[in-house]
Structures are given as C-alpha cells and as structure tokens.
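Colleague: Per the UniProt record's numbering, the sequence shown starts with residue 1, numbered consecutively.
Quick one: the structure is below, questions incoming.
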Amino acid sequence: MSRLSEALEQLDFARRYTTERLDTIAPHEWFVIPPGSSSHIAWQVGHIAVAEYRLCLERLRGRTEADELLIPFDFLQQFGRMSTAQPPGRYSAADIREIFQAVHERILRELPAYPDADLDLPPLTPHPLCTSRIACLRYAPLHEMLHCGQIGLLRRMLGHPPLW
C-alpha cells in the first residue's frame, strides 16, 4: 500500500468513526453548549471540515475558485483555528454537515492522483506540526479524532449514553 493510500485510508477511518457519533445527535442539539462546556457539536464539525480542507487540499494544491463553492471563505473564518462556538447563524446543522461531507468526498476523489514525489515537499502554507505534505495528510485523521473525542464528551453532556 502506498503512503498516500494509507493516509487516505486513515482519514476515511476517522471520518466513519466521527460520522457514527454524529448520527446519534439530533440537529436541534448541534448548537447547544452544555453547562460546563465552551463548545457545541456544530463548531466541532465545522472545525473538522475546515481543518481537513486546509490540511488535505489547500496545503497540497492551494485554494481554487471551485473551493469557494465547496467551503466558502466565511465558513473558514467561522470555524477556523482561532474561532469559538457561536449561536446559530448563517450555517444550519444541515449546512455544516453537508460541507463536512463534501470536503471529505472531494479529498477522496482528488488526492488518489496526487504525485507521490510531491508528498515530500513542504506544505504550500506552513503548518507548525507538519514539515511535508504527507505529514499534513497523516496529521488530518489525528486532528479529527481529537475533535471526535470532544464530540463524544459533548454527546455525554447532552445526556446521550456511551457509544462503543
């Protein structure tokens, strides 16, 4: 198995794991910030979409005009690294979920043809933890699982039973 195939397989595993948890949370719960928390499901999911886009597409091939339709600039701002959970606004739970899935599908469609030799190049936009493009791809599922853990905690704080 190539290193690109392995990275994409790990990314897809993380997405399936996250999706299994999201499927148990009603859309009306996505913007609830439980007592003792500073986040909600909508922010976690939006943030995962932004991070996956930036790590797996933007840092490997730059932002394209088509990306504005995939993941609009204001979405990147609302759910980016320094953002915080906000009340419902322009994006509904369904909108966030749609972008979350569309970004992932684009990655799985676009990246299998990515040249192996380019994976060793530095990312187009520097990242504090990743010095190569393959490192960005390998970090993306780790980052998603970190936020999936937060989704799991928020689920429990919303009164849902443990999910195995």
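Built from N, CA and C at the ideal position, the CB exists for glycine as well.
1) Return helix, strand or coil for L146, following the three-state DSSP convention.
2) Please give me, in chain order, every unbroken run of the alpha helix (DSSP H) with length at least 4 that falls completely inside the UniProt domain "DinB-like" (10-151).
3) What do you reckon, are the CB atoms on L141 and L11 nearer than 7 Å?
4) Would you report the Cα separation of V50 and G80, rounded to the nearest angstrom?
5) Go through its chain and collect everything with a Cβ distance to G62's Cβ below 8 Å, but skip five positions before and after it.
6) Hey, out of H143, D116, H147, whose CA is closest to residue 187's CA?
7) Rounded to whole angstroms, what's the CA-CA distance from R109 to L69? Just pull it up for me.
8) Does L163 come out as helix, strand or coil in the three-state DSSP assignment?
9) I need the DSSP call for L153, collapsed to helix, strand or coil.
10) My output table needs one value for L158: the three-state DSSP class, helix, strand or coil.
11) Return the CA-CA distance between C56 and P161, expressed in angstroms with no decimal places.
12) Pull up the distance between the alpha-carbon of C148 and that of S5, whole angstroms please.
13) Which value, in whole angstroms, describes the spacing of the CA atoms of F13 and H104?
14) Using 10 angstroms around the beta-carbon of Q44, count the other beta-carbons present and answer buried if the total reaches 16, otherwise exposed.
Modeller: Taking the definition as stated:
1) helix
2) 41-53, 67-70, 73-79, 93-110
3) Rather than Leu, the amino acid found at residue 141 in this sequence is Pro. In this structure, L11 lies closer than 7 Å to P141 by Cβ.
4) 6 Å
5) L124
6) Nothing in the structure corresponds to residue 187, since the chain is present only between 1 and 164.
7) 16 Å
8) coil
9) helix
10) coil
11) 33 Å
12) 22 Å
13) 12 Å
14) buried
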